[in-house]
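For the sequence shown, position 790 (counting from the first letter as 1) is numbered 790 according to my numbering, and the numbering increases by one without interruption. Ideal Cβ positions, reconstructed from N, Cα and C, are used throughout, including at glycine.
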Amino acid sequence: MMDDTFFRKCSNNRYFLSLCTWNNILLNTTVGHKKRPSFTSSGFDFWEEISGLDENYTPIRTYQVCQVMEPNQNNWLRTSWIEKGDAQRIFVELKFTLRDCNSLPGVVGTCKETFNLYYQETDSEVGRNIRENQYVKIDTIAADESFTQGDLGERKMKLNTEVRIIGPLSRRGFYLAFQDVGACIALVSVKVYYKKCWSIIENLATFPDTVTGSEFSSLVEVEGTCVSDAEEEADNSPKMHCSAEGEWLVPIGKCICKAGFHQKGDACEPCGRGFYKSSSQDLQCSRCPAHSYNDREGSWRCDCEDGYYRAHSDPPSVACTRPPSAPQNLVYNINQTTVSLEWSPPADTGGRNDVTYRIMCRRCSWEPEECVACGGNVGYSPQQAGLVDTYVSVVDLLAHANYTFEVEAVNGVSDLSRTQRLFAAVSIATSQATPSQVSEVIKERVQQRSIQLSWQEPEQPNGVITEYEIKYYEKDQKDRIYSTVKSRSTSATVNNLKPSTAYVFQIRAFTTAGYGTYGPRLEVTTKEEASAATIVSSEQNPVIIIAVVAVAGTIILVFMVFVSACQLALLSLTGLHSRGVRPPHTTLKFPGTKTYIDPETYEDPNRAVHQFAKELDASCIKIERVIGAGEFGEVCSGRMKLPGKRDMSVAIKTLKVGYSEKQRRDFLCEASIMGQFDHPNVVHLEGVVTRGKPVMIVIEYMENCSLDAFLRKHDGQFTVIQLVGMLRGIAAGMRYLSDMGYVHRDLAARNVLVNSNLVCKVSDFGLSRVIDDDPEAVYTTTGGKIPVRWTAMEAIQYRKFTSASDVWSYGIVMWEVMSYGERPYWDMSNQDVIKAIEEGYRLPAPMDCPPGLHQLMLDCWQKDRADRPKFDQIVGILDKMIRNPNTLKTPVGTCTRPISPLLDQSTPDFTTFRSVGEWLEAIKMERYRDNFTAAGYSSLDSVARMSIEDVMSLGISLVGHQKKIMSSIQTMRAQMLHLHGTGIQV
């Protein structure tokens, strides 16, 4: 029988099932008493319990057998039944001695120097009978050292130690058995044990005792349990792995101390008084912020002191704050029924930087303390609440009425405060009011050059109306330039208008109190101008015809003389004669045609600036923030408030401090150029500041910045028609510049700006130069950088620029727009781009680009600049596409000459590829090799027929990778068509 100590702890993370020597495990005896062992065996009597000495000469008890004289020995010794518990992999350590057969005379052929180790799995004890076929052999055990007769005489034995492994075991227990086949051996001890990982605390998680796995290489995954006051890290639960050797390995995840607790050793301790920890993600407790406290341990936040508050959006780490004091120095200005209020910020902001202001308006009777809220009929500019600036205008008040206005400063904790509101107040009495709007305007008669209007008197004249003012302007001008006509009655005729032009009219009334506000806009288009055939018919007297022609010729002659005189006067004023510079324009311009004048022709650049650009007062410009950096300084956004006009958003280019005179001249040169342009698709110059610092160029503000960055940010979010509309706007702006005899030289999507209404406007005139009216005239540069990817062949080779070279650049812009801001020619070097263009290749159509648009691009890239379309033709083609989107599907370009689409120069000729894998490797998309193979795309022919839907079905989800693969497929497809056309078999 086994003794009571069945499981015993040993070193090296081991657990013993049976421990120590045989007389403690297999025999129910004590030292000095001998009993039969509890097993049954054939030849059992040959196994005996004998006393001996171990290596340290300590007496021990052993089981021995030494039947070496007789052949065919088969002596068995079996242990008691051993219950394995949770163990699956059992270790058996044997200590034994064995006698050398050579030291025994006359035993040749019968003596052995090995014995066999067996085991049998059972769920319970099976009795004492042994059936050899029920046992599984573990191993044949041999000795490393054996003893001789002399050793035995000294009673000192040389111990051998062998360890064997059993497993995996599936039943509740097992027996061990030892078979002697004719050796002289003594069993000294048997250790039967298993291994486990001891319970530990790691990363604030407790891992229990864990028995090792059944295989030598197996790792047992164990879930940890967070210690007290700790929690699992998000999506990162604690785990460890118990190895087969009983060691903890591969820690994963961890626990972290909860809010209000911090880690100390392997435990979480609460934060002390006056400290807090708001989140489990924080490592340490923090001292309470200003004006807050706590008097308990384990707190996740600190309470605010009396009179201080924390907004709902404030994190616990923010100091407690209080409402601001009242605004200071409230003043007002009254203009009839409009009141302007201004004030200074409060002396105490409450410790916050989110102070805003709100206005309370009450209308009071002449009796004190009888006031009511003003209601919704009163307007506030810019708004009633949430004011950041310290001013507001209150409009549409009643005339001859008393009002009280309260201005309160508020911050994020004002609504939490229970204290009395603090505000500044003022009482005001309004004066006589101006008349209300003229609402109903009727067009009575429309002619080629005049329009007659009539209207009704305002519903609230607020006095005697003495006259009306009619404001009108061309619709395209958007009231930048307008004219006025006065009328004492409720009708008027506006003369000197242009035929076939849309005008906008607004009317306001005037009394002794002043002008009222303009009424709603009325749009009217004048009639078309009659043709010469209708003015002078063929049946009229020839004398009259001759007279008309003579008068017209005289007028033209007089005009030519006048123009020549003006040019000579201009030359004399600017000193051009003394400099030997020819006039910038010597050809005659008809009335109404505006021509660009190169600022370089002016001896004094300041004269050019002030002739073409409006000088602004620096006090009218308020810079708010920096939005970029230019060649000469910073680019900012801000506000411009001119006298008598509402403020507007503007972009401001500044000249950096320490500039040279040449830098100042070059900086202002762009303003001299921009000031000559006035078109909805060309960025508008508001003015310049040259008499203050910093020197500034003020232009209209374009909310969406540059076109290329805007398209990349909104990749795939626009319809084709929307993109065509953007292209049409750019082409219209370039048509205007071309008509003025102007070459841009740097047209690219980065130099096109986009406003909030998606209107595209041409900008950046730093590289631009003038050209003469001669269509063959060019501008030849003597140096400087050229944007190769956007520049025409002749401009690259000979540095000659014309409007035709701008058309080439426009084709590149079209490609940029349709590819949503992709870089033209991808990763090719500039030299590779030049070589490819010279060889006749052109960019392929971007993904989802209609054939009609790509054909127009190819037309813009004709080698001979005379074959390229004019901007006027481009605008007409795009207008047709917008009116009839079906034309996008078929090429409607201006040229029929075929051009080979440009292959992606980073990809070799596809005919050199021997497999789909080589092609993917060449375009650096080899990661999708298995995707193509699994879908059955085994040849380049099958790949060339793929669509974007086919590419997406392969599981390729990255948009950039989809575009790159489809671009290469389109290139492959184009080259296949080219090779078929030349008779080469693909």
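- Message: Using the three-state DSSP reduction, which class does Gly733 fall into: helix, strand or coil?
- Response: helix
- Message: Taking the beta carbon of Leu958 as the centre, do at least 16 other beta carbons fall within 10 Å, making it buried, or is it exposed?
- Response: exposed
- Item | Coarse secondary structure for His400, derived from DSSP in three states | coil
- Classification of Ser619 by the beta-carbon crowding that lies within 10 angstroms, buried from 16 upward: exposed
- Message: Per the DSSP calculation, Cys268 is bridged to which residue(s)?
- Response: Gln263
- Task: Spell out the partners DSSP gives Lys112 in its beta bridges.
- Result: Ala183
- Task: Measure the C-alpha to C-alpha separation of Gln281 and Gly85 and round it to an integer number of angstroms.
- Result: 42 Å
- Query: Are the Cβ atoms of Leu753 and Gly687 separated by less than 8 Å?
  - Reply: no
- Message: Going by DSSP, what residue range makes up the beta strand (DSSP E) through Gly876?
- Response: Taken as a continuous stretch (DSSP letters only), Gly876 belongs to no beta strand (DSSP E), being part of the alpha helix (DSSP H) at Phe871 to Arg883.
- Task: Would you mind listing the beta strand (DSSP E) stretches within the segment 184–263 that are 3+ residues and don't spill past its ends, in chain order?
- Result: 184–197, 200–202, 205–207, 220–223, 230–232, 239–242, 248–252 and 255–257
- Query: Which of the three DSSP states, helix, strand or coil, is assigned to Glu408?
  - Reply: strand
- Message: I need the straight-line Cα distance from Val464 to Ala385, nearest angstrom please.
- Response: 36 Å
- Query: What does a CB cutoff of less than 8 Å around Gly106 pick up in its chain, not counting 5 residues either side in sequence?
  - Reply: Met69
- Report the residue from Glu926, Leu169 and Ser286 whose alpha carbon sits nearest the alpha carbon of Gly272. Ser286
- On the three-state DSSP scale, how would you describe Pro787? coil
- Any beta strand (DSSP E) of 3 or more consecutive residues that is wholly inside the segment 313–361: 328–335 and 338–344
- Query: Below 8 Å between beta carbons: does that hold for Thr58 and Ala186?
  - Reply: no
- Could you say which of Ser381, Asp229 and Cys302 lies nearest to Glu268 if we only look at CA atoms? According to the sequence provided, residue 268 is Cys. The question's Glu does not apply to it. Minimum Cα distance to Cys268 is reached at Asp229.
- Query: Any idea what DSSP makes of Met966, helix, strand or coil?
  - Reply: helix
- Item | Nearest to Leu497 (by Cα), restricted to the options Ser414, Val485 and Asn353 | Val485
- Tell me whether Ala629 sits in a helix, a strand or coil according to DSSP, three-state version. strand
- Is the segment 389–401 touching the segment 334–351 in the sense that three or more CB pairs, one from each, lie closer than 8 Å? yes
- Taking three-plus beta-carbon pairs below 8 Å as touching, is the segment 64–84 in contact with the segment 167–187? yes
- How many whole angstroms separate the CB atoms of His679 and Ile699, which I take to be in contact at a CB cut-off of 8 Å? With a Cβ gap of about 14 Å, His679 and Ile699 do not count as contacting.
- Whole-Å CB distance - Val695 paired with Arg664, under 8 Å assumed: 6 Å
- Thinking just about the alpha-carbon of each residue, which of Arg883, Met648 and Ile507 is nearest to the one in Ser489? Ile507
- Cβ separation of Tyr701 and Ser763, assumed to be a contact under 8 Å, to the nearest whole Å: Not quite, the Cβ-Cβ distance comes to about 12 Å (not below 8 Å), so this is no contact.
- For Ala347, count neighbouring C-beta atoms within 10 Å of its own C-beta (all shown protein chains included) and say buried if the count is 16 or more, exposed if not. exposed
- Message: So if DSSP puts Asp139 in a beta bridge, which residue, or which two residues, is it bridged to?
- Response: Leu117
- Task: Would you kindly report the start and end of the unbroken alpha helix (DSSP H) that includes Gly917?
- Result: Val916 to Ala922
- Message: For Ala373, report the span of its beta strand (DSSP E) as first-last.
- Response: Cys371 to Ala373
- For Cys364, which residues of its own chain have a beta-carbon under 6 Å away from its beta-carbon, when the five flanking residues on both sides are left out? Cys371, Asn402 and Thr404
- Query: Anyone know if the C-beta pair for Val407 and Leu330 falls short of 8 Å?
  - Reply: yes
- Item | First and last residue of the uninterrupted alpha helix (DSSP H) at Leu940 | Leu940 to Ala944
- To which residues of the same chain is Asp174 closer than 8 Å at the C-beta, ignoring the five residues directly before and after it? Sequence check: residue 174 is Phe here, not Asp. Closer than 8 Å at Cβ, skipping near neighbours: Trp81, Ile82, Lys84, Ile90, Tyr119, Gln120, Glu121, Thr122 and Ile166.
- Item | Boundaries (first-last residue) of the alpha helix (DSSP H) holding Lys662 | Glu661 to Met674
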